[in-house]
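See structure below.
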Amino acid sequence: SCPRTSAKSSAGAIWLASLTEVIVIPVIVASIIAAVLSPLVSWLRRKGVPRALGAALILLTVIALGAGMTLLIVGGVTGEAEAIGGHLDEAKKEISDGLQSLGIKPESAQKAANDGGSGSSDAVSALLNGVLGGIAKLSSLAFFVAIVVLFLFFLVLDFPVFRDYVEDLRHLRGAVEKERSAGTRIV
32 SCPRTSAKSS AGAIWLASLT EVIVIPVIVA SIIAAVLSPL VSWLRRKGVP RALGAALILL
92 TVIALGAGMT LLIVGGVTGE AEAIGGHLDE AKKEISDGLQ SLGIKPESAQ KAANDGGSGS
152 SDAVSALLNG VLGGIAKLSS LAFFVAIVVL FLFFLVLDFP VFRDYVEDLR HLRGAVEKER
212 SAGTRIV
């Protein structure tokens, strides 16, 4: 009976988590990040920085790093558009010259190169516009980040309290299991 109850409880918890994933996933992400950043906040605390200020400083640092990485990535993608356009112009000239060397009239060779280049330029432009448009429409990502940042601040601020609470629960569970195995009735 106990394994079935445990399986049903686990299935119920997973089902509930799937219904509340908009909140649960950011909390899990924030918890993982808080576990990593908590030693930095504790180090700042030992250096005399109040825990709330240390948590805020660490959080602002993480936000600044995230924003910086995002700007670098988007800037890198959009910065390549001009280089790709330049390579397309060079390729059009090479195609035109190659077609002319095969005996095709210069006007026809130039038209074929321009038509091919126009299609390629349109494809590159559509790709970049699609990427940038997709980034602009990710409002759910902004919500996710906002929730993670909110939870992260409080988790980093009070991580030692949470850690102690979880350890107390583990010790309590161990004591209960020890009493059950000894046959003692637990009230």
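Positions 32 to 218 (our numbering) are the ones given, in order, by the sequence shown. Each residue gets a CB set at the ideal place from its N, CA and C atoms; glycine is no exception.
Using beta-carbon positions only, say whether residue i and residue j come within less than 8 angstroms of one another.
{"i": "residue 179", "j": "residue 57", "result": "yes"}
{"i": "residue 183", "j": "residue 54", "result": "no"}
{"i": "residue 96", "j": "residue 75", "result": "no"}
Kindly indicate which three-state DSSP category residue i falls into: helix, strand or coil?
{"i": "residue 120", "result": "helix"}
{"i": "residue 38", "result": "helix"}
{"i": "residue 115", "result": "helix"}
{"i": "residue 70", "result": "helix"}
{"i": "residue 107", "result": "helix"}
{"i": "residue 79", "result": "coil"}
{"i": "residue 209", "result": "helix"}
{"i": "residue 51", "result": "coil"}
{"i": "residue 136", "result": "coil"}
{"i": "residue 199", "result": "helix"}
{"i": "residue 189", "result": "coil"}
Please report the distance separating the alpha-carbon of residue i from that of residue j.
{"i": "residue 137", "j": "residue 120", "result": "17 angstroms"}
{"i": "residue 173", "j": "residue 98", "result": "12 angstroms"}
{"i": "residue 32", "j": "residue 71", "result": "Confidence at residue 32 is low in this model, with a pLDDT of 47, below 50, so its placement is unreliable and the value that follows should be read with caution. Rounded to whole angstroms, residue 32 to residue 71 spans 45 angstroms at the Cα level."}
{"i": "residue 134", "j": "residue 126", "result": "13 angstroms"}
{"i": "residue 73", "j": "residue 205", "result": "29 angstroms"}
{"i": "residue 207", "j": "residue 36", "result": "17 angstroms"}
{"i": "residue 82", "j": "residue 52", "result": "30 angstroms"}
{"i": "residue 175", "j": "residue 113", "result": "33 angstroms"}
{"i": "residue 139", "j": "residue 109", "result": "33 angstroms"}
{"i": "residue 49", "j": "residue 62", "result": "18 angstroms"}
{"i": "residue 84", "j": "residue 122", "result": "57 angstroms"}
{"i": "residue 141", "j": "residue 128", "result": "8 angstroms"}
{"i": "residue 77", "j": "residue 86", "result": "13 angstroms"}
{"i": "residue 197", "j": "residue 103", "result": "39 angstroms"}
{"i": "residue 201", "j": "residue 107", "result": "48 angstroms"}
{"i": "residue 101", "j": "residue 94", "result": "11 angstroms"}
{"i": "residue 46", "j": "residue 60", "result": "19 angstroms"}
{"i": "residue 79", "j": "residue 195", "result": "22 angstroms"}
{"i": "residue 124", "j": "residue 111", "result": "20 angstroms"}
Using 8 angstroms for Cβ pairs, my map puts residue i next to residue j. What's the rounded Cβ distance?
{"i": "residue 190", "j": "residue 69", "result": "4 angstroms"}
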